[in-house]
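**Student:** Structure provided below as structure tokens; questions to follow.
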Amino acid sequence: MSKDTTNMGFVILISVVATIGGFLFGFDSGVINGTVDGLQTAFNSDSMGTGFNVASMLLGCAVGAFFAGTLADKLGRRTWSVRKLICGGSDCKH
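When we follow the UniProt record's numbering, the leftmost residue of the sequence shown carries the number 1, and every step to the right adds one.
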């Protein structure tokens, strides 16, 4: 007989984290989709231009998330977090 060594607590934890990630992705998409009217007005763009802007924001979020771990490993997580906090709080553009 084989012994079942499945750690159900760990499986549930992974499932919960994946579910929260899905909810956050949906929330992010909803927030970005809520800006469509504002983007059309601000940039006086047609449907294709607005679609490109929205797609670019989503792609930019994915690229930023992809490189964030590497930057945090090189610069240190605390240093990188403080820099993000300062830039976000001061609205710096670089």
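Just so you know, even glycine gets a beta-carbon here, dropped at the ideal spot from N, CA and C.
Given a cut-off of 8 Å, decide if THR50 and residue 97 are closer than it, judged by their beta-carbon atoms.
**Tutor:** It is not possible to answer for residue 97, since the shown part of the chain is limited to 1 through 94.
**Student:** Report yes if the C-beta distance between SER45 and ASN33 is below 8 Å; otherwise report no.
**Tutor:** no
**Student:** Output yes or no for whether 8 Å exceeds the beta carbon distance between CYS61 and ASP28.
**Tutor:** Taking 8 Å as the Cβ cut-off, CYS61 and ASP28 qualify as a contacting pair.
**Student:** Considering only the alpha carbon of each residue, which of PHE25, SER15 and PHE10 lies closest to GLN65?
**Tutor:** For the record, residue 65 in the displayed sequence is Ala; it is not Gln. For the residues PHE25, SER15 and PHE10, the minimum Cα distance to ALA65 belongs to PHE25.
**Student:** Which residue marks the beginning of the alpha helix (DSSP H) containing GLY76, and which one marks its end?
**Tutor:** Unbroken run through GLY76: none, as it is neither H nor E.
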